[in-house]
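J.: First the structure, which I've put down as structure tokens, then a few questions once you've had a look.
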Amino acid sequence: MRAGTQDSGEEATAVAGSGAGPDVASAGLDSAGAGLDDRGAKGAGVSGAGAARGAVGVSGAEAAGAAGGAARTRAGRGAGADGTGAGVFGPDALGPGAVDALDPDVVDADVAGAVGRVLEGVLADRVRGARAVDRLFADDLAERVAAFTLGGGKRLRSRFLWWGFRACGGGRDGGGAGPALRVAAALELLQTCALVQDDVMDDSALRRGRPAVHADLAARHGTGRALSFGAAAAVLAGDLALSWADDTLAAAAAPAWSRRAVTGIWRALRDEMAAGQYLDLHAQVTGARSVGRAARTAFLKSALYSVERPLLLGAVLAGAGPRRMRELRLAGRCAGLAFQFHDDLLGAFGDPRVTGKPAGEDVRDGRPTYLLTVARARAAAGDDPRAARLLESAVGRPVRGAAQVARVLAAVEAVGAAGAVAATVERLIGHGTARLAGAGLEPFAEHRLRALMRQLAGPVPVLPGPERDAATTDGGAG
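Residue numbers are given in full-length UniProt numbering: position 265 of the sequence shown equals residue 265, and the series is strictly consecutive.
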């Protein structure tokens, strides 16, 4: 079996509990401990019974206690509870070959900074190579890929990889930082590919508060065919980032005993990411409204790709045994689902100044996200026929006009979907952190992982007052 690509029935059940609905079971994790249920009235996305019977369930007090311990770090291991922000890497900190000599304790203090410096070296080399091929190609595409990769993002996947590596004893002898940081850099380039092409597919004009790559390219070449040119060129930019990611992974010089497993996880990760994106596109064009299908898409597109696989890559590089791999796998998929479900909330109600994306964009595009499919299920099972008609018309179909988008968002809140999804996020994070406790991890790194998982379930956004007023004025599904 290829490393990290399958789970036994026992593992899925351990995450799930016994209350899984059949559609969510198809997500590959038997509802992932979320207590998700796609069976009508009881569904609405949150089945308390399913969660209560979960084999890894923890009470609110236990989850809070676990989170509280996350801020405690081993003395001298850096300022940030999540392992970032210490700013210890100066302009010349990671010159040629220096990454292999880095003390892991130094990386602990600023993981994002260390990965960023590795990326600077990798990308400078790749842009030089592109310039040798063709100057225009380098200026328009290679430089944009490099600037996008270096110019933002939380380095979430890199941080999960690093703390998975450290939690399993990686770097204990003062070495081993180089391969882990290079694999993390490859992950960041893969993320560039995913985001650039995702914006093309979703026709999203903004990313990180700035013009998306395809929009920027179209604006630069403002001809009659600028829009189609921008989209086509951005696809090429994504392909370029993907090829650079594969090359960076191949050059990571992982130990021979872990190279095959790392390659297997990487291959699985790429396939899962593409599969999740396709399911997302397919649901939009077919109008799929199943809560189970939305959960499955989130599982493939985000849970595996954003958390579980990065954790496993770090664990493999540290030489982790089967028990640790199993517990990290299950912890990662719970936390990864929580991340995507919380992202759905941010996409609907988040502040654009914080998210870098317009609020309500998923509603405008008719994307059948987990949040919207849960809202539709709750409305259909309740006694609010107007909300049911409104949400039925919105899920899987674009919504026109700011006022109508606001009405849909208000209906999502009115049927309790936002609160239900927020509760699911908290429950999943509780399951994930509980799994960490049983993995026998290095305590200081386990605390960092707990803190990082808690960050995935940040504050729940609330629909602003003026939008709420507009949304609650009379208006039907038209």
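A virtual CB, placed ideally from N, CA and C, is assigned to each residue, including glycine.
Reducing DSSP to helix, strand and coil, say where residue 368 ends up.
T.: Numbered from its first residue, the sequence shown carries residue 368 at position 368. Three-state result, residue 368: coil.
J.: My assumption, with CB atoms under 8 Å, is that residue 170 sits in contact with residue 176. Please give the rounded CB distance.
T.: Residue 170 sits at position 170 when you count from the first residue of the sequence shown. Residue 176 sits at position 176 when you count from the first residue of the sequence shown. About 6 Å; that satisfies the 8 Å criterion.
J.: Where residue 387 and residue 248 are concerned, what is the direct C-alpha to C-alpha distance, given to the nearest angstrom?
T.: By one-based count along the sequence shown, residue 387 stands at place 387. By one-based count along the sequence shown, residue 248 stands at place 248. Spanning the two alpha carbons is a distance of roughly 50 Å.
J.: Relative to the alpha-carbon of residue 279, which residue among 396, 240 and 451 has its alpha-carbon at the smallest distance?
T.: Indexing the sequence shown from 1 puts residue 279 at position 279. Residue 396 is the option with its Cα nearest to residue 279.
J.: Buried or exposed for residue 243, please, with buried defined as at least 16 other CB atoms from any protein chain shown within 10 angstroms of its CB.
T.: The residue you call residue 243 lines up with position 243 of the sequence shown. Burial call: exposed.
J.: With a cut-off of 8 Å on the beta carbons, I'd call residue 265 and residue 309 a contact; round off their distance for me.
T.: Position 265 of the sequence shown, counting from 1, holds the residue named residue 265. Position 309 of the sequence shown, counting from 1, holds the residue named residue 309. Going by Cβ atoms, the distance from residue 265 to residue 309 rounds to 6 Å, so yes, they are a contact pair.
J.: With a threshold of 16 other CB atoms inside 10 Å of the CB of residue 199, please say whether the residue is buried or exposed.
T.: Stepping through the sequence shown from its first residue, residue 199 is reached at position 199. Buried, since its Cβ has 16 or more Cβ neighbours within 10 Å.
J.: Output the distance between the C-alpha atoms of residue 425 and residue 137, rounded to the nearest integer angstrom.
T.: Counting from 1 along the sequence shown, the entry for residue 425 is found at position 425. Counting from 1 along the sequence shown, the entry for residue 137 is found at position 137. If I take the Cα positions, the gap works out to 43 Å.
J.: Threshold first: 4 residues or longer. Then list the alpha helix (DSSP H) segments lying entirely within the segment 380-456, N to C.
T.: Those alpha helix (DSSP H) runs which fall completely within the segment 380-456 and span 4+ residues are 385-394, 402-414, 417-437 and 443-456.
J.: Closest to residue 182 by CA distance: which of 113, 410 and 291 is it?
T.: Against the sequence shown, residue 182 aligns to sequence position 182. Of the listed residues, the one whose Cα sits closest to residue 182 is 113.
J.: Cα separation between residue 355 and residue 325?
T.: Position 355 of the sequence shown, counted from the first residue, corresponds to residue 355. Position 325 of the sequence shown, counted from the first residue, corresponds to residue 325. Cα-Cα distance, rounded: 33 Å.
J.: Count the other CB atoms within 10 Å of the CB of residue 154; is the residue buried (16 or more) or exposed (fewer)?
T.: Against the sequence shown, residue 154 aligns to sequence position 154. Answer is exposed; the Cβ neighbour count stays below 16.
J.: In this structure, what does DSSP give as the bridge partners for residue 207?
T.: Locating residue 207 in the sequence shown gives position 207, counting from the first residue. 210, per the DSSP bridge assignment.
J.: Please return the same chain residues whose Cβ sits closer than 8 Å to the Cβ of residue 312, not counting the five positions on each side in sequence.
T.: The residue labelled residue 312 in the question sits at position 312 within the sequence shown. The answer, listed in chain order, is 3, 4, 164, 265, 325, 328, 329 and 332.
J.: Sorted by chain position, which residues of the same chain lie with C-beta nearer than 6 Å to residue 132's C-beta, five sequence neighbours on each side aside?
T.: Your numbering for residue 132 matches position 132 in the sequence shown. Result list for residue 132: empty, nothing under 6 Å.
J.: With contact counted as at least three CB pairs below 8 Å, one residue from each stretch, are the segment 180-196 and the segment 116-124 in contact?
T.: Enough Cβ pairs lie closer than 8 Å, so yes.
J.: At which residue ranges does the segment 263-349 contain complete beta strand (DSSP E) runs of 3 or more residues, listed in the order of the chain?
T.: DSSP runs (the beta strand (DSSP E)) wholly in the segment 263-349: none.
J.: Look at the alpha carbon of residue 157 and the alpha carbon of residue 273, and state the distance between them as a whole number of angstroms.
T.: Taking the first residue of the sequence shown as 1, we reach residue 157 at position 157. Taking the first residue of the sequence shown as 1, we reach residue 273 at position 273. The alpha-carbon atoms of residue 157 and residue 273 are separated by roughly 13 Å.
J.: If the criterion is Cβ atoms closer than 9 Å, does the pair residue 336 and residue 306 meet it?
T.: To locate residue 336, count along the sequence shown from 1; it is residue 336. To locate residue 306, count along the sequence shown from 1; it is residue 306. Closer than 9 Å, so yes.
J.: State buried or exposed for residue 286, treating a residue as buried only when at least 16 other CB atoms are found within 10 Å of its CB.
T.: Residue numbering aside, residue 286 sits at position 286 when the sequence shown is read from its first letter. Answer is exposed; the Cβ neighbour count stays below 16.
J.: Quick one: what does DSSP say residue 458 is sitting in, helix, strand or coil?
T.: The residue labelled residue 458 in the question sits at position 458 within the sequence shown. Note: residue 458 maps to coil in three-state DSSP.
J.: Inspect the beta-carbon positions of residue 197 and residue 235 and report whether they are closer than 9 Å.
T.: The residue labelled residue 197 in the question sits at position 197 within the sequence shown. The residue labelled residue 235 in the question sits at position 235 within the sequence shown. Yes, Cβ-Cβ distance for residue 197 and residue 235 is below 9 Å.
J.: Enumerate in chain order the residues of its own chain whose CB-to-CB distance from residue 258 is below 6 Å, with the five nearest sequence positions on each side excluded.
T.: By one-based count along the sequence shown, residue 258 stands at place 258. Excluding positions up to five away in sequence, the list reads 316 and 317.
J.: Give the secondary structure of residue 168 by DSSP, where H, G and I count as helix, E and B as strand, and everything else as coil.
T.: As a working note, residue 168 is residue 168 in the sequence shown. If DSSP states are grouped into helix, strand and coil, residue 168 belongs with coil.
J.: Would you mind reading off the limits of the alpha helix (DSSP H) that contains residue 255?
T.: Along the sequence shown, read from residue 1 onward, the residue named residue 255 stands at position 255. Note, residue 255: premise wrong, no alpha helix (DSSP H); not H, not E.
J.: Between the Cα of residue 444 and the Cα atoms of 108, 102 and 103, which residue gives the shortest distance?
T.: The residue given as residue 444 occupies position 444 in the sequence shown. Nearest C-alpha to residue 444: 108.
J.: Roughly how many angstroms separate the alpha carbons of residue 398 and residue 172, rounded to a whole number?
T.: Taking the first residue of the sequence shown as 1, we reach residue 398 at position 398. Taking the first residue of the sequence shown as 1, we reach residue 172 at position 172. Straight-line Cα distance between these residues: approximately 52 Å.
J.: Hey, residue 405 and residue 363 are a contact pair by Cβ (cut 8 Å); roughly how many whole angstroms apart?
T.: Position 405 of the sequence shown, counted from the first residue, corresponds to residue 405. Position 363 of the sequence shown, counted from the first residue, corresponds to residue 363. The Cβ separation is near 5 Å, so the contact holds.
J.: Would you kindly report the start and end of the unbroken alpha helix (DSSP H) that includes residue 189?
T.: Within the sequence shown, numbered from 1, the residue matching residue 189 stands at position 189. Its alpha helix (DSSP H) spans residues 177-202.
J.: Among 458, 436 and 457, which one has its Cα closest to the Cα of residue 449?
T.: For this step, residue 449 is matched to residue 449 along the sequence shown. Ranking 458, 436 and 457 by Cα distance to residue 449 puts 436 first.
J.: Within this structure, are the beta carbons of residue 391 and residue 418 separated by less than 9 Å?
T.: For the purposes of this step, residue 391 is identified with residue 391 of the sequence shown, where counting begins at 1. For the purposes of this step, residue 418 is identified with residue 418 of the sequence shown, where counting begins at 1. Against a cut-off of 9 Å, the Cβ pair of residue 418 and residue 391 comes out as no contact.
J.: Let me know the secondary structure DSSP gives residue 220 once reduced to three states.
T.: Your numbering for residue 220 matches position 220 in the sequence shown. In this structure, residue 220 counts as helix in the three-state DSSP scheme.
J.: If you count every other CB in all the chains shown that lies within 10 Å of the CB of residue 221, and 16 or more means buried, which is it?
T.: Here residue 221 refers to the residue found at position 221 when the sequence shown is read from its first residue. Exposed: under 16 other Cβ atoms inside 10 Å.
J.: Buried or exposed for residue 447, please, with buried defined as at least 16 other CB atoms from any protein chain shown within 10 angstroms of its CB.
T.: Stepping through the sequence shown from its first residue, residue 447 is reached at position 447. So residue 447 ends up on the buried side.
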